[in-house]
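Asker: Quick note: the first sequence uses the numbering used here, first residue 29, plus one each step.
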Amino acid sequence: MGRAAKKRTRKEDADDTPAVVPVPAPGTAHVPAPAVPVERFDEDLGTQAEDTEAEVERAVICFGAFETYIVGVQYYSGTVSRNEQVRLVREPKNPYDRNAIQVNNILDIKVGHLPREKVLYLAPMLDRKLVHHASGVVTTGANNKYSIPVTLFLWGLPENKEEVIKRCRLGQLVLGHNIEPAARRVMELEPVTRTMDATEREDALDQLFKRLEEERQSTRMATPSETITAPLYPHQKEALAWMLHRENSNALPPFWSHEEKTGMYVNILSSYKTSVRPQVCRGGILADDMGLGKTLNTIALIASNRPGAAPPALEEAPKNDEPPAKKPKGKTKGPGPSKNAPKVLASKQDQVGSTSSPPSRDGPKATLIVCPVSVLSNWEQQIAEHTDGSLSVYRYHGASKTKVTDELARHDVVITTYGTLTADKGAVLNKVKWLRVVLDEAHNVKNPNVGQSIAARQLTAERRWAITGTPVQNRLNDLYSLLAFLRLQPLDDRSFWTRVVDKPVHAGNPVGYDRLVTLMTAIALRRTKEQKLKDGTPLVRLPPKEVLVQTVEMGLEDRARYSNLLRAAQETIGGMIEDGTLFGNYAHALEVILRLRQLCCHGALVPRGKNGEEKPVTPPTGEQMAQLLTVLRAGGLDDCCVCLGSMFHPVVTRCAHVFCRGCIVPALERKRSCPLCRADCEPGELVEAPPDEDGENGDGASTGVQTAPSAKTEALVARLKTDLRARGDGGRKAKAVVFSQFVTFIDIAQKSVEAAGFKCVRLTGGVSAAGREKCIREFQSPDADSPDVIFVSLKAGGVGINLTAASFVYMLDPWWNPATEDQAMDRVHRLGQDRPVKVVRFVCKDSIDEKMMELQQRKRELAKAAFVKKTEKERQEMRKADLSLLLSLTNLV
DNA sequence: ACCGCCGGGTGCC
DNA sequence: ACCGCCGGGTGCC
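#1: Closest by CA to K146, which one among Q200, Q517, L696, V679?
#2: Measure the C-alpha to C-alpha separation of L449 and A797 and round it to an integer number of angstroms.
#3: Compare the Cα-Cα distances from L561 to each of L593, E266, E187 and report the closest residue.
#4: On a Cα-Cα basis, can you pick out the residue from L504, G497, L457 that is closest to R485?
#5: Output the distance between the C-alpha atoms of F283 and D811, rounded to the nearest integer angstrom.
#6: Taking all protein chains shown into account, do 16 or more other C-beta atoms lie within 10 angstroms of the C-beta of L584, making it buried, or fewer, making it exposed?
#7: Can we say the segment 812 to 824 touches the segment 785 to 795, given the rule of at least three CB pairs closer than 8 angstroms?
#8: CB-CB under 7 angstroms to P143, same chain, minus the five flanking residues each way: which ones, in chain order?
#9: If I measure Cβ to Cβ from C872 and keep anything under 6 angstroms in the same chain, skipping five residues before and after, which residues do I get?
#10: Buried or exposed: K866, going by 16 or more other Cβ atoms within 10 Å of its Cβ?
#11: Start and end of the beta strand (DSSP E) containing L576?
#12: Assign L154 to one of three DSSP states: helix, strand, or coil.
#13: Under 9 angstroms between the Cβ atoms of S332 and L419?
#14: Could you check how far apart the C-beta atoms of E275 and R491 are, in whole angstroms? I think they sit under 8 angstroms.
#15: In this structure, how does DSSP classify T924 when only helix, strand and coil are distinguished?
#16: Among L487, R522, S303, A762, which residue has its Cα nearest to the Cα of Q861?
#17: Rank L260, A341, Q409, W844 by C-alpha distance to the C-alpha of L320 and give the top, closest one.
#18: Of the choices P262, R636, L487, whose alpha-carbon is the least far from that of R555?
#19: Less than 9 angstroms between the beta carbons of P400 and N505, yes or no?
#20: Could you tell me which residues DSSP pairs with N205 in its beta bridges?
#21: To the nearest angstrom, how far is the alpha carbon of R747 from that of K461?
#22: Our contact map puts L116 next to A162 with C-beta atoms below 8 angstroms; I'd like the distance itself, whole angstroms only.
#23: Taking the straight line between their C-alpha atoms, what separation do you get for R310 and N132?
#24: In whole angstroms, give me the CA-to-CA distance for P815 and E806.
#25: Select from Q808, L180, E83 the residue whose C-alpha is nearest the C-alpha of G92.
#26: Take K802 as the anchor and find which of S405, A128, W270 has the nearest alpha-carbon.
#27: Taking only three categories from DSSP, how would you classify G106?
#28: What residues are listed by DSSP as bridge partners for P566?
#29: Tell me whether G799 sits in a helix, a strand or coil according to DSSP, three-state version.
#30: Per DSSP, what kind of secondary structure is Q598 in: helix, strand or coil?
#31: Using the Cβ count rule (16 or more neighbours within 10 Å means buried), how would you classify D316?
#32: Enumerated in chain order, which unbroken segments of the alpha helix (DSSP H) with a length of 4 residues or greater are wholly contained in the segment 312 to 345?
#33: Once the 5 residues before and after L576 are set aside, which same chain residues still bring their CB inside 8 angstroms of it?
#34: By Cβ distance below 7 angstroms, which residues in the same chain neighbour R760 in space, the five residues on each side in sequence not counted?
#35: In chain order, what residues of the same chain have a beta carbon less than 7 angstroms from the beta carbon of Q626, not counting five sequence neighbours either side?
#36: Kindly give me the distance between the Cβ atoms of I397 and I443, rounded to whole angstroms, as I take these residues to be in contact under 8 angstroms.
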């Protein structure tokens, strides 16, 4: 019988359906929910799927290991070293065997395959996610010519263990735990010798990044090419030097060392040895705080590191951050004497034993910048403003896009958006060989399994940069996405990253933190605005900012309505808190709060007659939905309790809880109940708020009819009269930005201000991208007939908007989240502002406005403890406390 | 000899 | 591959 079977030809083998694949007994196979079909979501919504995947990664356990071989090694170029990990990659399209699993080394170079009879059992388990992933360790025979022994470790969720063991037995795969110690060590299965407790762990992460920020102070500086017309701050010159170094240095990437004796390169995380020098990682992460001038810095890099031109000189003797390479014999060691005679990078680096490769004259020339739509024109403006026009810029966005790759490659800079990149699907942008690719606001690329990040990864570029103003340390997971984009091998492999960094950090294993430090020191630069230069001066010197609170007395009629509404609310909501029904009736509470806040602004914002009446405490009704949508449209409420971030594409559940769409949908796909109250909930029933309607008061408030002044509008006009007219400032106009979160209130206030003789423009959510640009340009203009006042709805005034022509900021109503207010003020008080800035926050006396301010203070304190993971219970308590505070239930006004 | 045995050709999936 | 396996050549002692 053996003979007959063996006589089958290859062809027959190829078509051989694996009929013997074990089929699970009904009900025994626990297959986790399939990966979330994230394509359905819009561009920024990959986060939740990504987090879910990270969670699963952390939950998987090792089922055991078995011995087998890597076969067919003679056909492939990939090599393995002793005690090195290998990656297994399913190859379902293999023409000889649909169960094929290829074995790659840590640099993802193909080494061989797993034997056919083993994959017959293993592949289906991987495909059904019974085995979450498998990885191998080579301990012996690494140099074999034809096949290499390998220990395969199977990992998966605990609930699948039994099934996997059963199937392995069927396939003669003897899953054991008596694994060779060497292999165990490589897999880091050894118990952690020292773990940190929760507080220690928070401290460690916190300290780690502080340390990075501080240690980064003593770097070199570089003066940009003279095509940059703007002067650079010292910290920007430091960043430029660092970026030039990151791009041009041929130093080994992090975690690689060079063995003098053997001449081999060794990866200290994986034991991988190779005689081929690992690919240099040109680029990195620029994660400076907002307002430190990352955009200008990047432009300076683009202008200064051009093909065929010598990169700029270094101005200061650096602290040597090269690996301690041997000094060429006969030369003096210190680069010190060259202080007054700056040398180009190349010669400097030769001194420390590392060479430099500036962009080649014959290589690609174009830099691709990928950014959110909102900052697209900011890039264009800054390039126009800060360079002498010698950079040719092409905007690859919207209707007028060339399909000719050569056309793109001819420019110095091509600017596009994440949306365009994703939609491009490799048609044009992937075909160009870029000199460098810059991802601006790189935290937008979160999920390596979703469109845009895949697209970003696939771009062909010599140099790669991730620019982000959001500190990456808050979410380790986001960091992984950036590494994947930077192609930092081998950490760009998710399972490798999880094992080597993510898991140890989450387990409190100091090894994980050490690795993070090494990694971040090597490839990331982050400074904060609070940081000081070595001589003690701050990084950026901004004119002073004065923030004061102006208390306003509500008008008599508004006050009466306010009191009635508050009294009713205190009764109903106090009752709900007491009997625990609040969280089914969150909507009601939120509407009351919204109405109170609106009354503080202007009575016309609140429709008469239907307020203050008690709402019945009932299961979800259409009315409740309507309430919630009202609140949603008025712009945001709490942070989403799934991602703990601010609401993005908020949706409402049947039980009247609000989440980001991208957060709740994957959660419901796993378990069809509300994460907050566990009520049944189908993804199909989610009610969506209209996208960024921004403060529109969607319930028929009488806009435009009653424009009688309110206390706040009167106070605003009075302020403008004294502030703007008082300050002549050498012929320059004094201008003001007025923020409110209620567009309807902006309508009313704008009329009053115009009536007082001020020229106004407005920037609210409804305005198109082109309209916004025009509006900002008009306002920023120094012309005598340019606008005096710009009204901005809080959410429309997001990052990237530059309103530095103003030196007065008026906040008409306090916002729930202090960070949002800070961000708004930063539109004015930022790089480019050369006058003192005065911020006035209008607050109604004895009202919810004051409570909002208290709440802000609380939030500020809470933000400091952001690393503390809160339980659902704790978060619920917090929200309850927030509501109580707002409605003065704890200390009645 | 519709076998056994020999020795050359060959080799992942 | 210093293997296993395949298939052609071959055939008493």
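Glycine included, C-beta positions come from ideal geometry on N, C-alpha and C. A quick note: this is a predicted structure, and the numbers were derived from the prediction, not measured.
Answerer: In this structure, then:
#1: Here residue 146 is taken as the residue at index 118 of the first sequence, counted from 1. Just measuring C-alpha positions, the residue of Q200, Q517, L696, V679 sitting nearest K146 is Q200.
#2: Counted from its first residue, the first sequence places residue 449 at position 421. Counted from its first residue, the first sequence places residue 797 at position 769. Rounded to whole angstroms, L449 to A797 spans 18 angstroms at the Cα level.
#3: The residue you call residue 561 lines up with position 533 of the first sequence. When L593, E266, E187 are compared, the shortest CA-CA separation from L561 is found for E266.
#4: For the purposes of this step, residue 485 is identified with residue 457 of the first sequence, where counting begins at 1. The option with the nearest alpha carbon to R485 is L457.
#5: Counting from one through the first sequence, the residue named residue 283 turns up at place 255. Counting from one through the first sequence, the residue named residue 811 turns up at place 783. CA-CA distance, F283 to D811, rounds to 56 angstroms.
#6: As a first step, residue 584 must be located in the first sequence, where it is residue number 556. Answer is exposed; the Cβ neighbour count stays below 16.
#7: Enough Cβ pairs lie closer than 8 angstroms, so yes.
#8: Position 115 of the first sequence, counting from 1, holds the residue named residue 143. Within its own chain, the residues whose Cβ lies closer than 7 angstroms to the Cβ of P143, once the five positions on either side in sequence are excluded, are T96, Y97, V99, listed in chain order.
#9: Here residue 872 refers to the residue found at position 844 when the first sequence is read from its first residue. Only V580, M582, C628 meet the Cβ criterion.
#10: Within the first sequence, the letter at position 838 stands for residue 866. Classification of K866: buried, given that the 10 Å Cβ count is 16 or more.
#11: Residue 576 sits at position 548 when you count from the first residue of the first sequence. Counting along the chain, the beta strand (DSSP E) containing L576 begins and ends at 573 to 580.
#12: Against the first sequence, residue 154 aligns to sequence position 126. Here L154 sits in helix by DSSP.
#13: Along the first sequence, read from residue 1 onward, the residue named residue 332 stands at position 304. Along the first sequence, read from residue 1 onward, the residue named residue 419 stands at position 391. No, the pair does not count as a contact, with Cβ atoms beyond the cut-off.
#14: The sequence position of residue 275 within the first sequence is 247, counting from 1. The sequence position of residue 491 within the first sequence is 463, counting from 1. E275 to R491, Cβ: 5 angstroms. Contact.
#15: For the chain, the structure presents residues 29 to 921; residue 924 sits outside this window and is missing.
#16: Here residue 861 is taken as the residue at index 833 of the first sequence, counted from 1. Taking only the C-alpha atoms, the option nearest Q861 is A762.
#17: Taking the first residue of the first sequence as 1, we reach residue 320 at position 292. That would be L260, whose Cα lies nearest to the Cα of L320.
#18: The residue labelled residue 555 in the question sits at position 527 within the first sequence. Nearest to R555 by C-alpha distance, out of P262, R636, L487, is P262.
#19: Here residue 400 corresponds to residue number 372 of the first sequence, with the count starting at 1. Here residue 505 corresponds to residue number 477 of the first sequence, with the count starting at 1. Taking C-beta atoms as the reference points, P400 and N505 fail to come closer than 9 angstroms.
#20: Taking the first residue of the first sequence as 1, we reach residue 205 at position 177. The identity of residue 205 in the sequence shown is His, whereas the question assumes Asn. The partner list for H205 (beta bridge, DSSP) is empty, contrary to what the question assumes.
#21: Counted from its first residue, the first sequence places residue 747 at position 719. Counted from its first residue, the first sequence places residue 461 at position 433. About 56 angstroms.
#22: Working through the first sequence from its first residue, we reach residue 116 at position 88. Working through the first sequence from its first residue, we reach residue 162 at position 134. Sure, about 5 angstroms apart at Cβ, within 8 angstroms.
#23: Here the question's residue 310 lines up with position 282 in the first sequence. Here the question's residue 132 lines up with position 104 in the first sequence. Taking the straight line from one Cα to the other gives about 24 angstroms.
#24: Counted from its first residue, the first sequence places residue 815 at position 787. Counted from its first residue, the first sequence places residue 806 at position 778. A direct Cα-Cα distance of roughly 7 angstroms separates P815 from E806.
#25: Locating residue 92 in the first sequence gives position 64, where the first residue counts as 1. Cα-wise, what sits closest to G92 is L180.
#26: Sequence index remark: in the first sequence, residue 802 carries index 774 (1-based). With distances taken between Cα atoms, K802 lies closest to S405.
#27: If you number the first sequence from 1, residue 106 lands on position 78. Coil, per DSSP.
#28: Here the question's residue 566 lines up with position 538 in the first sequence. In the DSSP assignment, P566 forms a beta bridge with K560.
#29: To locate residue 799, count along the first sequence from 1; it is residue 771. G799 falls in the helix class under three-state DSSP.
#30: Position 570 of the first sequence, counting from 1, holds the residue named residue 598. Helix, per DSSP.
#31: Residue numbering aside, residue 316 sits at position 288 when the first sequence is read from its first letter. Buried, because 16 or more other Cβ atoms sit within 10 Å of the Cβ of D316.
#32: Taken in chain order, the complete alpha helix (DSSP H) segments of 4 or more residues contained in the segment 312 to 345 are 322 to 332.
#33: The sequence position of residue 576 within the first sequence is 548, counting from 1. Sequence-distant partners of L576 (beyond 5 residues in either direction) whose C-beta falls short of 8 angstroms from its own C-beta, in its chain, are K866, V867, V868, R869.
#34: Here residue 760 corresponds to residue number 732 of the first sequence, with the count starting at 1. Only residues of its own chain outside the window of five on either side were considered, and among them P810 have a CB closer than 7 angstroms to the CB of R760, listed in chain order.
#35: Mapped onto the first sequence, residue 626 falls at position 598. Excluding positions up to five away in sequence, the list reads L633, V634, F770.
#36: Residue mapping note: residue 397 aligns to position 369 of the first sequence, counting from 1. Residue mapping note: residue 443 aligns to position 415 of the first sequence, counting from 1. Right, their Cβ atoms sit about 5 angstroms apart.
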